[in-house]
Amino acid sequence: MRKPVLLPLLACALAAAAPIEAHAYSTRVHIMIANEIREALIASGDGSIPLLHAPYAVQLSDEDFQAIRDHSLA
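Numbering (my numbering), first residue to last: 1 to 74.
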């Protein structure tokens with residue numbers, strides 16, 4: 001019985017090509033997450049970020065809160 005060759009070759013080709021596009025995608029994801037964190041900080045007004053699906057929040061120092069709020073593009 002002959003083993004299929006096309007599927008493993010296709011898998012290798014896709015795996016080799018994936019890192020090229022992953023870098024740009026990863027950057028976009030990090031920017032999206034940073035924007036969501038900044039929006040949550042501004043919405044809370046007190047430097048806290050509520051955790052999803054939990055009654056808890058992360059509290060940032062005043063210095064970090066002001067830096068993220070006022071200098072997000074720095």
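Every residue, glycine too, gets a C-beta built ideally from N, C-alpha and C.
- Ranked by Cα distance from Leu73, the options Ile42, Asn35 and Leu7 are led by Asn35.
- In this structure, DSSP gives Ala54 a state outside helix and strand, which the three-state scheme calls coil.
- By the neighbour-count definition (other C-beta atoms within 10 Å, threshold 16), Leu7 is an exposed residue.
- Linking Ile33 to Ala24 through their CA atoms gives a straight-line distance of about 14 Å.
- In the structure shown, the three-state DSSP call for Ser26 is helix.
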